[in-house]
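Participant:
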Amino acid sequence: MAPKLKEQLDPCTSNGNHNNEYLDHPTSATATTGIGVAETTTVAVTTEVLPGILYEPHNYRYYTPTLYLGKGGFARCYAAKESPSTMEVALKIIPKSRLTKHSQLEKMRKEIAIHESLNHSNVVKFLNYFEDNINVYMVLELCRNGTLLCRIQNAPGGRLGDHSARIYLIQIVDAVIYLHERIGILHRDLKPGNVLLSHNDQVKLADFGLALKLSDLPYSSLNVCGTPNYLSPQVLKREGHSKESEAWSIGCILYCMLVGKPPFEADTLEKTYVKIASCDYSFPLKPKICSSAEDLISKLLILDTVVRMKVSAVKCHPYLCNKDTMGMQEPYLVKLKESDTLQSSKAAAFDQGFGGGCSIGDSGIGSEGCLNGRPRSISDCRALYKQLLLGYYTVYDEAPRPPDFQLNMVSKWVDYTNKYGFGCVLSDGTHCTLFVDNSSVSRRRAVEKETERYLMISDIGQDPWIFLEWTALDTINDQRLAKKVRIVELFSDYMDKELQPVYEHSSFRPQLDALVYQKRQSGVLLMFLALGTIQINFLESHEKLVINRDEHGRLLLTMIDRCIGFRTYHLLPYTATSTRPSCQKVQQLLNKACRLLEGEKAPLPRTYYATQC
Numbered sequence: 002m003a004p005k006l007k008e009q010l011d012p013c014t015s016n017g018n019h020n021n022e023y024l025d026h027p028t029s030a031t032a033t034t035g036i037g038v039a040e041t042t043t044v045a046v047t048t049e050v051l052p053g054i055l056y057e058p059h060n061y062r063y064y065t066p067t068l069y070l071g072k073g074g075f076a077r078c079y080a081a082k083e084s085p086s087t088m089e090v091a092l093k094i095i096p097k098s099r100l101t102k103h104s105q106l107e108k109m110r111k112e113i114a115i116h117e118s119l120n121h122s123n124v125v126k127f128l129n130y131f132e133d134n135i136n137v138y139m140v141l142e143l144c145r146n147g148t149l150l151c152r153i154q155n156a157p158g159g160r161l162g163d164h165s166a167r168i169y170l171i172q173i174v175d176a177v178i179y180l181h182e183r184i185g186i187l188h189r190d191l192k193p194g195n196v197l198l199s200h201n202d203q204v205k206l207a208d209f210g211l212a213l214k215l216s217d218l219p220y221s222s223l224n225v226c227g228t229p230n231y232l233s234p235q236v237l238k239r240e241g242h243s244k245e246s247e248a249w250s251i252g253c254i255l256y257c258m259l260v261g262k263p264p265f266e267a268d269t270l271e272k273t274y275v276k277i278a279s280c281d282y283s284f285p286l287k288p289k290i291c292s293s294a295e296d297l298i299s300k301l302l303i304l305d306t307v308v309r310m311k312v313s314a315v316k317c318h319p320y321l322c323n324k325d326t327m328g329m330q331e332p333y334l335v336k337l338k339e340s341d342t343l344q345s346s347k348a349a350a351f352d353q354g355f356g357g358g359c360s361i362g363d364s365g366i367g368s369e370g371c372l373n374g375r376p377r378s379i380s381d382c383r384a385l386y387k388q389l390l391l392g393y394y395t396v397y398d399e400a401p402r403p404p405d406f407q408l409n410m411v412s413k414w415v416d417y418t419n420k421y422g423f424g425c426v427l428s429d430g431t432h433c434t435l436f437v438d439n440s441s442v443s444r445r446r447a448v449e450k451e452t453e454r455y456l457m458i459s460d461i462g463q464d465p466w467i468f469l470e471w472t473a474l475d476t477i478n479d480q481r482l483a484k485k486v487r488i489v490e491l492f493s494d495y496m497d498k499e500l501q502p503v504y505e506h507s508s509f510r511p512q513l514d515a516l517v518y519q520k521r522q523s524g525v526l527l528m529f530l531a532l533g534t535i536q537i538n539f540l541e542s543h544e545k546l547v548i549n550r551d552e553h554g555r556l557l558l559t560m561i562d563r564c565i566g567f568r569t570y571h572l573l574p575y576t577a578t579s580t581r582p583s584c585q586k587v588q589q590l591l592n593k594a595c596r597l598l599e600g601e602k603a604p605l606p607r608t609y610y611a612t613q614c
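Residue 2 is where the sequence shown starts when you use our numbering, and the numbers rise one by one after that.
1) To the nearest whole angstrom, what separates the beta carbons of Asp551 and Leu558, a pair I think is in contact under 8 Å?
2) If you count every other CB in all the chains shown that lies within 10 Å of the CB of Cys317, and 16 or more means buried, which is it?
3) Along the chain, where does the beta strand (DSSP E) containing Lys545 start, and where does it finish?
4) Output the distance between the C-alpha atoms of Val587 and Ala81, rounded to the nearest integer angstrom.
5) From the DSSP secondary-structure annotation, give me the bridge partner or partners of His432.
6) Assign Thr452 to buried or exposed, taking buried as 16 or more other Cβ atoms, counted over all protein chains shown, within 10 Å of its Cβ.
7) Whose C-beta lies closer than 8 Å to the C-beta of Ser199 among residues of the same chain, with five residues either side of it excluded?
8) What are the start and end residues of the alpha helix (DSSP H) that includes Glu107?
9) For a minimum of 4 consecutive residues, which ranges assigned as the alpha helix (DSSP H) are wholly contained in the segment 277–324?
10) Check each candidate in Lys192, Met109 and Val315 and name the one with the smallest Cα separation from Arg99.
11) Which same chain residues end up closer than 8 Å to Arg160 when comparing Cβ atoms and leaving out the 5 residues on each side of it in sequence?
12) Taking the CB atoms as reference points, tell me whether Cys280 and Leu297 lie closer together than 8 Å.
13) Tell whether a beta-carbon distance below 8 Å holds between Tyr282 and Leu237.
14) Could you tell me if Asn383 is buried or exposed, where buried requires 16 or more neighbouring beta carbons within 10 angstroms of its beta carbon?
15) Classify Ile186: buried if its beta carbon has 16 or more other beta carbons within 10 angstroms, exposed otherwise.
16) Quick one: what does DSSP say Gly241 is sitting in, helix, strand or coil?
17) Report the rounded CA-to-CA distance for Phe355 versus Met88, giving the unit in angstroms.
18) Given this structure, state the Cα-to-Cα distance separating Tyr179 from Leu149, to the nearest angstrom.
19) Where does Ser86 sit, in a helix, a strand or coil, going by DSSP?
20) To the nearest angstrom, report how far apart Tyr386 and Ile251 are at their CA atoms.
21) Does DSSP put Leu372 in a helix, in a strand, or in coil?
22) Consult DSSP for Ala248 and reduce its assignment to one of helix, strand or coil.
23) Could you give the distance in angstroms between the alpha-carbon of Arg239 and the alpha-carbon of Ser118?
24) Tell me whether Leu598 sits in a helix, a strand or coil according to DSSP, three-state version.
25) Suppose the cutoff is 6 Å on Cβ atoms and the five residues either side in sequence are ignored; what does the same chain contact list for Tyr455 look like?
26) Which residue marks the beginning of the alpha helix (DSSP H) containing Leu1, and which one marks its end?
27) Please go through the same chain and pick out, in chain order, the residues whose beta-carbon is closer than 7 Å to the beta-carbon of Glu477, but skip the five residues on each side of it.
28) Can you grab the Cα-Cα spacing for the pair Leu232 / Ala207, in whole Å?
29) Let me make sure I understand the geometry here. Which of Leu213, Leu573, Pro193 and Val125 has the alpha-carbon closest to that of Glu399?
30) Looking at C-alpha atoms only, which residue of Ser440, Val411, Tyr69 and Phe423 is the closest neighbour of Thr431?
31) For Thr434, which option in Gln522, Leu530, Lys97 and Pro96 has the closest C-alpha, if you only look at C-alpha atoms?
32) Measuring straight from C-alpha to C-alpha, what distance separates Asp460 and Gly162?
33) Hey, would you say Ala594 sits closer than 8 Å to Ile537, going by beta carbons?
34) Buried or exposed for Ser216, please, with buried defined as at least 16 other CB atoms from any protein chain shown within 10 angstroms of its CB.
35) What's the gap between the Cα of Arg62 and the Cα of Gln105?
36) Please state the DSSP three-state secondary structure of Tyr231.
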């Protein structure tokens, strides 16, 4: 770092005290295990730590967790590699400390017993289970393409076309018929979030935590269970679940695929229940769905269970009796139409919480879905990067850029992490500093009528993040925060005067972005932004890779090169491959960056460092 900046910074921290007095206060965070009562405690800065290698003694197998997928209920889910087979699996870990009630133990035992008995191409495979003194472990099939919920959200317009909906629906119906007629169980929580998609887009029904044997119906509780938007009127009236209630849920799923939201969605839970009880729904004028789809949905969403269409009859309905679905032995192998679903598959469905062969739960469409908006924690940001490391995505084709294309990226940076932190300027003019105490402060100078704004994430390791926002008109009484703001201002002034941006734009962005992670190793710089952008800079060649999402949630990679300028590509799940030389070159560059960043070479020694990108 230039001496004049160092001279300006040193007085800000207790007469040059290298112990960083302004940073040495403890961080208060809310620690939550699974879904339960949160305990407030003082903790060290943490991120989601992968468990160590797990040994299953009965079959002499080892499981090495490779990627945190998400949590739900009492479980945490990981992608893992099984040894000696090297097979990739999903690992569902349930702490025994959370299973203190007899009912909780029985629920888990029933889930294992039911899921273990299932064997169908459209049901997530239950591979193994074991336990130790601390946890119970379920080993499940890993589904790389996420959930149907993510696929709907990421599709153009937030909905699927008829071709895609038919192919998914026929597989869902096949799975439910198998459960009802062959095994004799009810799923009791059918919804898009519990429909996973394998690497070749095959439907895999998941999450049997609420499943019930039909033979147990006379003795089962009539309590309401399931996800509100997909519950039938009979379940709400505490008449219990049945095959007919599952038919209702299938009707809701089809509606959701074609329209983009559940048929009875409302702004409150009470209103949703009222709409379900009276079967109060309608088909939108736009987007208009085909008449045969409307007819099928209307026959499934009928209050009278005697008249309601049976699940077994759905496959004979004209909507599914067409050239695309009739006679298909393996419907999931049918190539989807480019205009229908290929674009939606370009979005990254394999994100935190939706990458494994186990569901972590959602509240229907629009909640706990894909990472289309601001990530909630550093774990969300790390998840995509880890998937890139594991080769889950490939550079597929060049994406057209709209005339108003504006990429928010790190345009210049300064590294002073041996004492204060890492500062950068984004292309929209936001100045960010990631401090060594794991807090992050962003600053956007006053522009026209907008006053100067600040944003702070007090602890990057906290899940979820807690944001503090203020303007230059507010008074800061906390001296530690005031010192941080002063350092941000000094970083900002220095970079504005001394460094040239690689790219900048002047569009107004309502949300302030923030730098939440940086790593410099082997001539490569890796950075994460709070709104989901991943950036990789090659320090010698000045090539840059910027990974973000478009307005539809589709995953894009922009390569910036001094010779060719900006080029943007789609990133697809690994099942898709490209023979285009330009795509292969970018793919090789991405792979090289991952190798250099995560190789065995030791990190570079920290020195003062200032640069433009």
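Ideal Cβ positions, reconstructed from N, Cα and C, are used throughout, including at glycine.
Facilitator: By the coordinates alone:
1) In fact, because the Cβ distance is near 11 Å, the residues do not count as touching under 8 Å.
2) The C-beta of Cys317 has fewer than 16 other C-beta atoms within 10 Å across all chains shown, which makes the residue exposed.
3) Lys545 -> beta strand (DSSP E) spans Lys545 to Arg550.
4) Each residue's Cα considered, the two are about 28 Å apart.
5) DSSP lists Val426 and Arg444 as partners of His432.
6) Here Thr452 is exposed: its Cβ has fewer than 16 other Cβ atoms, across all protein chains shown, within 10 Å.
7) The beta carbon of Ser199 is closer than 8 Å to those of Glu142, Cys144, Arg145, Asn146, Lys205 and Tyr333 in its chain, skipping five residues each way along the sequence.
8) First-last of the alpha helix (DSSP H) with Glu107: His103 to Glu117.
9) Annotation note: the segment 277–324 contains the following uninterrupted alpha helix (DSSP H) runs of length 4 or greater, listed N- to C-terminal: 292–301 and 312–315.
10) Of all alpha-carbon atoms in Lys192, Met109 and Val315, the one lying nearest the alpha-carbon of Arg99 is that of Met109.
11) Excluding positions up to five away in sequence, the list reads Ile153, Met258, Leu259, Val260, Gly261 and Pro288.
12) No, they are not a contact pair.
13) Not in contact: Tyr282 and Leu237 (Cβ atoms no closer than 8 Å).
14) Just to set this straight, residue 383 is Arg in the shown sequence, not Asn. Here Arg383 is buried, its C-beta having at least 16 other C-beta atoms within 10 Å.
15) By the neighbour-count rule (16 or more Cβ atoms within 10 Å), Ile186 is buried.
16) In the three-state reduction of the DSSP assignment, Gly241 falls in the coil class.
17) The predicted position of Phe355 is uncertain, since its pLDDT is 29 and thus under 50; no value can be drawn from it.
18) Taken atom to atom, the span from the alpha-carbon of Tyr179 to that of Leu149 is near 20 Å.
19) Three-state result, Ser86: coil.
20) If you take the alpha carbons of Tyr386 and Ile251, they lie about 35 Å apart.
21) Legend: pLDDT at Leu372 = 35, less than 50; position of this residue unreliable, no value from coordinates given.
22) In the three-state reduction of the DSSP assignment, Ala248 falls in the helix class, which pools H, G and I.
23) When only Cα atoms are considered, Arg239 and Ser118 end up about 28 Å apart.
24) Helix.
25) Once the five neighbours on either side are set aside, the close Cβ partners of Tyr455 are Arg444 and Trp471.
26) Outside the shown range of the chain (2 to 614) lies residue 1, about which nothing can therefore be said.
27) Here residue 477 turns out to be Ile, not Glu, going by the sequence shown. Residues Ala483 and Val486 of the same chain have their beta carbon placed closer than 7 Å to that of Ile477, with the five preceding and five following residues left out of the count.
28) It is roughly 17 Å from the alpha-carbon of Leu232 to the alpha-carbon of Ala207.
29) Nearest C-alpha to Glu399: Leu573.
30) The residue with the shortest Cα to Cα distance from Thr431 is Val411.
31) Among Gln522, Leu530, Lys97 and Pro96, the Cα nearest to that of Thr434 is on Leu530.
32) Near 42 Å, if we compare the C-alpha coordinates of Gly162 and Asp460.
33) Yes, these two residues count as a Cβ contact at 8 Å.
34) Counting Cβ neighbours within 10 Å, Ser216 comes out exposed, since fewer than 16 surround it.
35) Between the alpha carbons of Arg62 and Gln105 lies a gap of roughly 27 Å.
36) Reduced to three states, the DSSP call for Tyr231 is helix.
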